[in-house]
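Structure first, commentary second.
Residue numbers (my numbering): 173 to 284.
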């Protein structure tokens, strides 16, 4: 029986390969803007996660993810995207925002 992290890792790899390896276009192992949009639209079903993704502004997401500026997202860049989504979900689930000092304010309020 595979562990939960085994499943997560294999699923990330399999999803990327499924959408990125498009032999019809003669390219492999990268997602263009339309392919990234399709991955986000089709593979993320949770309303909690869909709320974190602005699919209307995929060009901005590409700008952030595409560190080597080739107009496509490679596997490393895709992993960054998945990691960022996981962090958003973690913050939502735990009630901990990403803002500096927020935790300290909450601790201070609890101590008073």
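Glycine included, every Cβ here is placed at the ideal spot set by N, Cα and C. Just so we're clear, the structure is a prediction, and the values are computed from it rather than from any experiment.
Cβ pair residue i, residue j closer than 9 Å
i, j, result
"residue 235", "residue 202", "no"
"residue 257", "residue 216", "yes"
"residue 251", "residue 189", "no"
"residue 249", "residue 239", "yes"
"residue 262", "residue 221", "no"
Where the alpha helix (DSSP H) through residue i begins and ends
i, result
"residue 183", "176-192"
"residue 212", "205-215"
"residue 219", "219-222"
Beta bridge counterpart(s) of residue i as assigned by DSSP
i, result
"residue 245", "203"
Option nearest residue i by Cα separation, candidates the options
i, options, result
"residue 231", "266, 208 and 193", "208"
"residue 181", "268, 211 and 254", "254"
"residue 264", "247, 218, 246 and 241", "218"
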